[in-house]
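Protein chains: 2
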Amino acid sequence: MKLAEAKAQFIQTWGSLATQWGINKTMAQIHALLLITPNPLSQDDLMEELSISRGNANMNIRELIDWGLVDRVIIPGERKEFFLAEKDIWKVARQIVKERKKRELEPLNKVLEQLQDVEGDKRNAEVKAFTETIGNIRKFTGQADKSLDTLIRADENWFWGSLIKMIK
Amino acid sequence: MKLAEAKAQFIQTWGSLATQWGINKTMAQIHALLLITPNPLSQDDLMEELSISRGNANMNIRELIDWGLVDRVIIPGERKEFFLAEKDIWKVARQIVKERKKRELEPLNKVLEQLQDVEGDKRNAEVKAFTETIGNIRKFTGQADKSLDTLIRADENWFWGSLIKMIK
DNA sequence: CGATAGTTTCAATAACTATTGAAAGCTTAG
DNA sequence: CTAAGCTTTCAATAGTTATTGAAACTATCG
Chain A
1 MKLAEAKAQF
11 IQTWGSLATQ
21 WGINKTMAQI
31 HALLLITPNP
41 LSQDDLMEEL
51 SISRGNANMN
61 IRELIDWGLV
71 DRVIIPGERK
81 EFFLAEKDIW
91 KVARQIVKER
101 KKRELEPLNK
111 VLEQLQDVEG
121 DKRNAEVKAF
131 TETIGNIRKF
141 TGQADKSLDT
151 LIRADENWFW
161 GSLIKMIK
Chain B
1001 MKLAEAKAQF
1011 IQTWGSLATQ
1021 WGINKTMAQI
1031 HALLLITPNP
1041 LSQDDLMEEL
1051 SISRGNANMN
1061 IRELIDWGLV
1071 DRVIIPGERK
1081 EFFLAEKDIW
1091 KVARQIVKER
1101 KKRELEPLNK
1111 VLEQLQDVEG
1121 DKRNAEVKAF
1131 TETIGNIRKF
1141 TGQADKSLDT
1151 LIRADENWFW
1161 GSLIKMIK
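Quick mapping for you: the protein sequence lines, in order, are chains A and B.
Anchor point for the first sequence: position 111 equals 111 in this note's numbering, and the numbering is continuous, going up by one each time.
Each number in this note's numbering comes from the position in the second sequence (counting from 1) with 1000 added on.
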């Protein structure tokens, strides 16, 4: 397979995978392109390679920076801004976990906490089923919360190493 | 908080969380309602409680069954079909991981494998960066694949227990 | 075998989300 | 200061995905 073809396929695969995870396709494609490009790219480079508009490029670059996956780079002598992605996939994964945890798991935990105490007779089957389910979900999300914190702080070798040892 | 209100909030929270993960809102809401309901519900019950159409209900119930999260239940003397959700959240989570792994991670691994060998000079910076990134992603997804398999097979206490011991 | 209760399908439509592109806003160099 | 180069915003529009509802289908009962 030729490089250009392989690049295109990677960008497109990454983009469609992202949509299945509630992530904007363009955002994933920009990220994919930056991941496989050794040097920083300008907004115009991204627009051209991916055939996207200025506004779209701008918005999604900003989002990627906000997620901590891409950095702005200044190249001396150039007026334009350039962009560079973190290449260490383990760091990328941890960063994504960290952000999604903050944006989703933590708010969910707050809601569940409020739902834990409903008024009503505890002997009523409906009330009982509700509080029980919410309680179990809370237990689960609470454990997930702690474990993800550890994972976020973890060093690659330590984490996979321990997990693999634990598995055997 | 009153039960009815709490139920409604849980259903709506679960539904909007789902959309952030590429899961259909109605599917998540039906699942949420079945999770907090002790007895099996009919399609008509679901349609009424969630104010959704027959077609929508039918389609998403089928999808939930397909994901292994909901079971069809026959109640003697009743002509209708009833539906019941698995209440053990740990089992639910494992089932979701199992399905997403099968539907997404495994196909991704196949694509990455093909992308691994591109033609061209290995000393070329572009070729080098590409093969290196793809290689790293493969290493990562390969490890994730194995670890998820273990997690899927794992028993709750064993898994969290070991993870917590490992963390400390 | 109808008649009836229940289920499934699917084309039309609605709702939602992403994308464009032109205009406004900055920033820097001269 | 102001013109040129570059970035950001946002209302309009396109594209995508979800939902409806009526018709077709299937199973069950007397």
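Note that beta-carbon positions come from the ideal geometry of N, C-alpha and C, so glycine has one too.
Here the structure is a predicted model, which is why all the values come from computation and not from measurement.
Taking a C-beta distance under 7 Å as the contact criterion, A:L34 and A:A93 do not qualify as a contact pair.
For A:R72, the pairing in a beta bridge is given by DSSP as A:F83.
Put simply, of A:D88, A:K87, A:E78, A:T26 the residue whose alpha carbon is nearest the alpha carbon of A:R62 is A:T26.
Closest in C-alpha terms to A:G68, from the list A:D149, A:V97, A:D44, A:L41, comes A:V97.
Distance check between B:F1082 and each of B:W1090, B:K1091, B:D1088, B:R1072 places B:R1072 closest, using alpha-carbon atoms only. For A:A28, same chain residues with a beta-carbon under 6 Å away, outside a window of 5 residues either side, are W14, G15, A18 in chain order. As the crow flies, the alpha-carbon of A:F130 is around 38 Å from that of A:W90. Residue-level contact by beta carbon holds for A:P38 and chain B, with a gap shorter than 7 Å.
DSSP, reduced to helix, strand and coil, places B:S1051 outside both helices and strands of the structure shown, so it counts as coil. Put simply, the CB of B:E1119 is near chain A, with a gap under 7 Å to one of its CB atoms. At a beta-carbon threshold of 9 Å, the residues of chain B lying near A:M1 are Q1114, L1115, D1117, V1118, E1119, ordered along the chain. Residues of the region 1021-1037 of chain B with a C-beta less than 7 Å from any C-beta of chain A: W1021, G1022, L1035, I1036, T1037, listed in chain order. The Cβ atoms of B:L1105 and B:R1138 do not sit closer than 7 Å to each other. Put simply, the CB of A:I75 is far from chain B, with every gap to its CB atoms at 7 Å or more.
Below the 8 Å Cβ cutoff, chain A contributes F130 as neighbours of B:K1007, in chain order.
Shown here for A:L50: same chain residues with a beta carbon closer than 8 Å to its own, the five before and five after excluded, namely I11, T26, Q29, I30, L33, A57 in chain order. Judged by beta-carbon spacing, A:A6 lies beyond the 7 Å limit of B:L1003, meaning their Cβ atoms are not closer than that value.
Close to A:E63, with beta-carbon spacing below 7 Å, lies no residue of chain B; the smallest spacing is near 14 Å. If you look at B:I1023, you'll find it isn't in any alpha helix (DSSP H); DSSP assigns it neither H nor E.
B:R1123 has its alpha-carbon roughly 31 Å from the corresponding atom of A:I52.
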